[in-house]
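Heads up: the sequence lines are chains A and B, in that order. Quick note on numbering: numbering that gives the first Met the number 0 labels position 253 of the first sequence as 252, and the sequence is numbered without any gaps. Quick note on numbering: numbering that gives the first Met the number 0 labels position 199 of the second sequence as 198, and the sequence is numbered without any gaps. Comments concern the structure below.
There are 2 protein chains.
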Amino acid sequence: MKEELSSTHFRILPYIHRTPVLTSQILNALTGADLYFKCENFQRMGAFKMRGALNAIMQLRPDQKQKGVVTHSSGNFAQALALAARSLEVPAFIVMPENAPQVKKEAVNAYGGIIVECAPTLQAREETAARIAADTGATFVHPSDDLSVILGQGTAAKELLELHPNLEYIVTPVGGGGLVAGSILAAQHYGTTCKVVGGEPETMDDAYRSVKSGQIESNLSGDTIADGLKTQLGKINFPIIQAGIAEIVRVSDQEIIAAMRLIWERMKIVVEASSAVALAAVLKRKEIFAGKKTGIILSGGNVDLSKLPF
Amino acid sequence: MKEELSSTHFRILPYIHRTPVLTSQILNALTGADLYFKCENFQRMGAFKMRGALNAIMQLRPDQKQKGVVTHSSGNFAQALALAARSLEVPAFIVMPENAPQVKKEAVNAYGGIIVECAPTLQAREETAARIAADTGATFVHPSDDLSVILGQGTAAKELLELHPNLEYIVTPVGGGGLVAGSILAAQHYGTTCKVVGGEPETMDDAYRSVKSGQIESNLSGDTIADGLKTQLGKINFPIIQAGIAEIVRVSDQEIIAAMRLIWERMKIVVEASSAVALAAVLKRKEIFAGKKTGIILSGGNVDLSKLPF
């Protein structure tokens, strides 16, 4: 996969920001670790998802590109696919539940996505996306369970390891599994002995349970402040995760909010709750990371400032 | 003053961060200007004030350093003087009104400052600081009306101009006058034809009125969200400002909050309300900055997350 990661990175590089890596003496002192924060909150459209969306579209044949892409998402991937598609002059159909927040619809719209509304159920979303694909010939792009997407997301960890090749750990949030799977591939091929640890909300611990049971488990009903992580692992990313993850650390919403607050107050940057799950995991299991050179992927910075948990 | 600025910068450089300069395509599009944000919110202790505090202490003789420094402030300068003093192994006495927020006292305490409480009046603060100076031999350092402090604050604009020598404007917030005066000196000596514009809250427009009348005017009673700017010009910085300022733009609290929100949402960084005054000024008077290469000093990022104006 090293060659695939390398060609993916080369392919998308003209369309992404090579985001900065920040350090914080105070957070090092608080955790006992030696932390390197990869700031994907500064990525275009505010999250790492831009990387995977670009790669998925760029892998299409010219005739496929002409017909466009379609996804169903109400989160960052919707915006990412819309902006990636616009950057590449490809149409993007975004299926969104009719009760999605107006602000999210406006963001997709501002990035040039063609919004198609549907009933607020997973079934309706899938059916609507399938119908659009059938009607228009657009290619369906899954937000996380797609190898092109996984490779794209892995380029964030690749960039981090290129700057700091001797990282001993990389910690990422775990939601749909694209970022953590891509980071595992990057750690295997660009790290020396770099292990990957996932952070996951206690109430959405499908990945923790899946790795334990050896099969894809579902999330039970529940909620979390880390709304970007309310998703399930998939058939393509699960085997990568199962084979390569060192550990999944589950954290409570309270721990996520505390970690988010630390990042905002101490590092003076805006990250979304899902991003703070990785630092929350480091704070919860300090013994793993004590004295270790540890990368943290800050996955995104798209927050609604009028609904902060502080 | 070029030599003084240069030696100031050389002197404090081991103790400060050379903060990054960020750009934003979206904010360029919104303002019509070509903006370069100097991120002093990433400075040590979270604000540019660290620069002036360090310079003031480093200029003291060894026997003066041994006796320490004293100031009265409840804001960023208190924390800056405490941390600068600790970095230089000098005692710092910080006079704070007894009703100052606990969080500010804790911050000064955490940076090693020796807090001396007094009644919440300017007179009590000045008297207490004078008494400490007399009792201990500590040197009084004014937060803004001190040439060493002004030169220290000017190093932020100097760094910005070293990266972007052909800036046509630098915009700073105006409070006590140290930052804007220092920036004027830097623009004169390190810019080519760089003009300095100040942003000031409408309700604290002493600088606007002072420049107009030719003498130092007082602020009337009033309030502003930009709490770092509730201060007056002084005898040392006023002549520099009067001689060198291109314009002072007054902005409302509503305009400050809107600018602050744009910086948080679009740039994904945390800045305090006082910092947003500069962008608010650019947004208010777009005709001045249209198409111009414009530096903005983001002065600091110390906010109370539980009291946001959004």
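Heads up, the beta-carbon is just placed ideally off N, CA and C, and yes, glycines get one too.
With DSSP collapsed to three states, give me the class of residue i.
| i | result |
| --- | --- |
| Phe-139 of chain B | strand |
| Thr-22 of chain A | coil |
| Gly-174 of chain B | coil |
| Leu-219 of chain A | coil |
| His-163 of chain B | coil |
| His-71 of chain A | strand |
| Ala-225 of chain B | coil |
| Lys-194 of chain B | strand |
| Met-0 of chain B | coil |
| Ile-235 of chain B | coil |
| Gly-151 of chain A | helix |
| Leu-87 of chain A | coil |
| Asp-134 of chain A | helix |
| Thr-230 of chain B | coil |
| Thr-120 of chain B | coil |
| Gln-58 of chain A | coil |
Residue i lies in the beta strand (DSSP E); which residues open and close that run?
| i | result |
| --- | --- |
| Asp-311 of chain A | Residue 311 of chain A lies beyond the stretch modelled for chain A, which goes from 0 to 309, so this question has no answer here. |
| Glu-105 of chain A | Careful: Glu-105 of chain A lies outside any beta strand (DSSP E), inside the alpha helix (DSSP H) at 101-109. |
| Lys-292 of chain B | 292-297 |
| Pro-308 of chain B | Per DSSP, Pro-308 of chain B belongs to no beta strand (DSSP E) and is neither H nor E. |
| Glu-116 of chain A | 113-117 |
| Ile-93 of chain A | 91-96 |
Name the one or two DSSP bridge partners that residue i has.
| i | result |
| --- | --- |
| Glu-199 of chain A | A:Arg-249 |
| Ile-169 of chain B | B:Val-195 and B:Gly-294 |
| Ile-244 of chain B | B:Val-195 |
| Ile-268 of chain A | B:Ile-268 |
In the DSSP assignment, find the unbroken alpha helix (DSSP H) run with residue i in it and report its ends.
| i | result |
| --- | --- |
| Ala-46 of chain B | Element bounds for Ala-46 of chain B: n/a, residue is neither H nor E. |
| Gln-63 of chain B | 61-66 |
| Asn-301 of chain B | No alpha helix (DSSP H) contains Asn-301 of chain B, which DSSP labels as neither H nor E. |
| Tyr-14 of chain B | Run containing Tyr-14 of chain B: none; DSSP gives neither H nor E here. |
| Ala-206 of chain B | 205-212 |
| Ile-287 of chain A | 285-288 |
Report, in whole angstroms, the separation of the C-beta atoms of residue i and residue j, which I expect to be a contact under 8 Å.
| i | j | result |
| --- | --- | --- |
| Val-269 of chain A | Ile-268 of chain B | 6 Å |
| Ala-245 of chain A | Lys-194 of chain A | 4 Å |
| Leu-12 of chain A | Ile-56 of chain A | Incorrect: roughly 15 Å between the Cβ atoms, too far for contact. |
| Ala-81 of chain B | Gly-111 of chain B | 6 Å |
| Ala-280 of chain B | Val-250 of chain B | 6 Å |
| Asp-252 of chain B | Pro-200 of chain B | 7 Å |
| His-71 of chain B | Thr-127 of chain B | 7 Å |
| Leu-184 of chain B | Ile-239 of chain B | 7 Å |
| Ser-147 of chain A | Ile-296 of chain A | Not quite, the Cβ-Cβ distance comes to about 19 Å (not below 8 Å), so this is no contact. |
| Asn-236 of chain B | Ser-143 of chain B | 6 Å |
| Val-115 of chain A | Ile-131 of chain A | 6 Å |
| Lys-285 of chain B | Gly-31 of chain B | 5 Å |
| Gly-136 of chain B | Lys-66 of chain B | 4 Å |
| Gln-231 of chain A | Ser-212 of chain A | About 14 Å; that fails the 8 Å criterion. |
| Lys-48 of chain B | Asn-75 of chain B | 5 Å |
| Leu-160 of chain B | Gly-190 of chain B | 5 Å |
| Leu-178 of chain A | Ser-298 of chain A | 6 Å |
Closest Cβ-Cβ distance between residue i and chain D: below 7 Å?
| i | result |
| --- | --- |
| Phe-309 of chain B | Protein chains in the displayed structure are A and B, and chain D is not among them. |
Q: Spell out a yes or no on whether the stretch 259-268 of chain A and the stretch 200-211 of chain A are touching, meaning 3 or more CB-CB pairs, one atom from each, closer than 8 Å.
A: no
Q: Assess, as a yes-or-no matter, whether the stretch 38-52 of chain B is touched by the stretch 9-29 of chain B under the definition of 3 or more beta carbon pairs within less than 8 Å.
A: yes
Q. Taking contact to mean at least 3 C-beta pairs separated by less than 8 Å, is the stretch 146-157 of chain A in contact with the stretch 205-220 of chain A?
A. no
Q) When the Cβ atoms of the stretch 163-170 of chain A are set against those of the stretch 88-98 of chain A, are three or more pairs found closer than 8 Å? A) no
Q. Three or more beta-carbon pairs under 8 Å between the stretch 59-67 of chain A and the stretch 3-17 of chain A, yes or no?
A. no
Q) Would you call the stretch 226-239 of chain B and the stretch 271-287 of chain B touching, i.e. three or more CB-CB distances under 8 Å? A) yes
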